[in-house]
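All remarks here apply to the structure that follows.
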Amino acid sequence: MPQRDFPRIARAYLAGALQIDSLITRRIALDDVNHAFDAMRRGEGTRSIIVF
4 MPQRDFPRIA RAYLAGALQI DSLITRRIAL DDVNHAFDAM RRGEGTRSII
54 VF
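As numbered in my numbering, residues 4 to 55 make up the sequence shown, in order.
This is the structure we're talking about:
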């Protein structure tokens, strides 16, 4: 359940118990989100996050 799991996962990450930074291959600015979706459709946008 997202209501339960997401806060638990976020706490584990913030406590350093969950190492996920190495899984992120690209950080995308919110202004570039449309380009990111285009890249995703071409199969180029895997493991990206949007930075607000």
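Where is the CB? At the ideal position from N, CA and C, for every residue including glycine.
- In the structure shown, ARG29 falls within a strand segment according to DSSP collapsed to helix, strand and coil.
- Membership of ILE12 in the alpha helix (DSSP H) is indicated by the continuous run 5 to 17.
- The beta carbons of VAL54 and ARG29 sit no closer together than 7 Å.
- CA-to-CA, the gap between ASP41 and ILE27 works out to about 18 Å.
- Sixteen is the threshold: since fewer than 16 other Cβ atoms of the shown chains lie within 10 Å of the Cβ of ALA13, the residue is exposed.
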